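Participant: Below: one structure in structure tokens.
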Amino acid sequence: MSSVNKSILLVDDDQEIRELLDTYLTRAGFQVRTTPDGAGFRQAMNEAPSDLVILDVMLPDEDGFSLCRWIRQHPRQAQVPIIMLTASSDEADRVIGLELGADDYLGKPFSPRELQARIKALLRRAQFGQERSGGEVLAFDDWRLDMVSHRLFHTDGEEVILSGADFALLKLFLDHPQQILDRDTIGNATRGRDLMPLDRIVDMAVSRLRQRLRDTEKPPRLIRTVRGSGYQLAANVVASNGH
């Protein structure tokens with residue numbers, strides 16, 4: 001996948017990191033915008049769309065978590081991929097970021113090459129989702145997913161806003177109903193990368209999707225945990241050409 005014309009918006013209060021990543025990613029062919037704080041980030045997001053966002057957790061005016069939440073509620077940018085930069089030793093930061101809808105995370109200090117690999121993986125996933133989305137609507141349980149708009153509707157009329165990661169994971173389950181999907185399969189399909197040991201990103205993504213689908217029973221009814229094997233969508237899926 002070419003990085004040409006792909007835009008990245010980075011918010012980090014560390015000037016050296018901003019300058020380093022701006023230079024490195026620009027040389028890789030990306031269009032990069034940077035800002036040191038949340039106020040500048042919100043302004044930049046409202047001025048022009050971005051293909052991917054990089055958020056530092058610790059900022060001078062507001063934290064990256066509140067910015068992540070704001071993006072996921074943004075009418076035009078809700079599905080943009082988000083990578084969060086966290087303190088490498090703080091697992092809680094990573095869990096919170098994933099719960100709020102971040103797509104991936106990197107602990108500081110990190111390699112710019114590793115960040116670039118994560119960026120390309122998420123952009124490939126976003127492009128793949130667009131290519132696969134035909135004009136159909138997928139119905140399952142009490143839900144309908146519009147593959148063009150990525151909008152999810154419940155039979156009671158509620159619309160659920162999906163992040164890019166939410167959509168990719170749900171689409172994977174809908175493509176393989178009743179099948180057990182292991183964590184590595186889910187990680188590769190939704191994150192575009194192999195999982196690291198003790199990586200909780202898939203489990204957190206499934207938990208978040210269950211919340212979106214009101215699948216909060218104990219044990220969950222719709223997305224089942226198959227102990228030692230992975231996860232399974234326990235629903236039939238019916239495709240149609242419209243609402």
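Under the UniProt record's numbering, the residue at position 47 of the sequence shown is numbered 47, and the numbers go up by one with no gaps. Idealized CB from N, CA, C, for every residue including glycine. Remember, it's a predicted structure, so these values are computed and weren't measured experimentally.
Rounded to whole angstroms, how far is the Cβ of Val226 from the Cβ of Ile186, which I believe are closer than 8 Å?
Facilitator: Residue mapping note: residue 226 aligns to position 226 of the sequence shown, counting from 1. Residue mapping note: residue 186 aligns to position 186 of the sequence shown, counting from 1. No, Val226 and Ile186 are not in contact; Cβ-Cβ is about 12 Å, not under 8 Å.
Participant: With 16 as the cutoff for other CB atoms within 10 Å, does Gly64 come out buried or exposed?
Facilitator: For this step, residue 64 is matched to residue 64 along the sequence shown. Its Cβ being crowded by 16 or more others within 10 Å, Gly64 is buried.
Participant: Where does Ala121 land, buried or exposed, given buried means 16+ other C-beta within 10 angstroms?
Facilitator: By 1-based counting over the sequence shown, the position of residue 121 is 121. With 16 or more other Cβ atoms within 10 Å, it is buried.
Participant: Across which residues does DSSP place Met84 in a beta bridge pair?
Facilitator: For this step, residue 84 is matched to residue 84 along the sequence shown. Note: Met84 sits in a beta bridge opposite Leu55 and Tyr105.
Participant: How long is the line joining the alpha carbons of Arg69 and Leu100, rounded to whole angstroms?
Facilitator: For the purposes of this step, residue 69 is taken as the residue at position 69 of the sequence shown. For the purposes of this step, residue 100 is taken as the residue at position 100 of the sequence shown. Near 6 Å, if we compare the C-alpha coordinates of Leu100 and Arg69.
Participant: What are the boundary residues of the alpha helix (DSSP H) that Gly64 is part of?
Facilitator: Position 64 of the sequence shown, counted from the start, is the residue given in the question as residue 64. Its alpha helix (DSSP H) spans residues Gly64 to Arg72.
Participant: Would you call Pro49 buried or exposed, if buried means 16 or more other Cβ atoms sit within 10 Å of its Cβ?
Facilitator: Here the question's residue 49 lines up with position 49 in the sequence shown. So Pro49 counts as exposed.
Participant: Comparing C-alpha positions only, which one of Gln232, Val11 and Pro220 sits nearest to Leu85?
Facilitator: For this step, residue 85 is matched to residue 85 along the sequence shown. Closest option to Leu85, Cα to Cα, is Val11.
Participant: Looking only at its own chain, which residues have a Cβ that is under 8 Å from the Cβ of Ile223, when we skip the five neighbours before and after it?
Facilitator: Here the question's residue 223 lines up with position 223 in the sequence shown. Phe173, Val206, Leu209, Arg210, Leu213, Asp215, Tyr231, Gln232, Leu233 and Ala234.
Participant: Taking the continuous beta strand (DSSP E) assigned at Phe173, which residues delimit it?
Facilitator: Sequence index remark: in the sequence shown, residue 173 carries index 173 (1-based). Element bounds for Phe173: not the beta strand (DSSP E) but the alpha helix (DSSP H), Gly164 to Asp175.
Participant: Excluding the 5 residues flanking Thr155 on each side, which residues of the same chain have their C-beta closer than 6 Å to its C-beta?
Facilitator: One-based indexing of the sequence shown puts residue 155 at position 155. Asp142.
Participant: Let me check understanding here. Comparing Cα to Cα, which of Gly40, His176, Leu152 and Ile96 lies closest to Asp166?
Facilitator: The count along the sequence shown starts at 1 and reaches residue 166 at position 166. Nearest C-alpha to Asp166: Leu152.
Participant: Using a threshold of 7 Å, state whether the C-beta atoms of Ile83 and Ile54 are closer than that.
Facilitator: Taking the first residue of the sequence shown as position 1, residue 83 is located at position 83. Taking the first residue of the sequence shown as position 1, residue 54 is located at position 54. Yes; because the gap between Cβ atoms is below 7 Å, this pair is in contact.
Participant: Would you list the one or two residues that DSSP bridges to Thr26?
Facilitator: Residue 26 sits at position 26 when you count from the first residue of the sequence shown. Answer by DSSP bridge pairing: none, since Thr26 is not bridged.
Participant: So, with DSSP's three-state summary, where would you put Glu158?
Facilitator: Along the sequence shown, one-based indexing puts residue 158 at 158. If DSSP states are grouped into helix, strand and coil, Glu158 belongs with coil.
Participant: Between Lys171 and chain D, is any beta-carbon pair separated by less than 7 Å?
Facilitator: This model lacks chain D altogether, as it is built from one protein chain only.
Participant: What do you get for Asp56, buried or exposed, if any count of 16 or more other CB atoms within 10 angstroms of its CB means buried?
Facilitator: Counting from 1 along the sequence shown, the entry for residue 56 is found at position 56. Asp56 is buried by the Cβ-count criterion.
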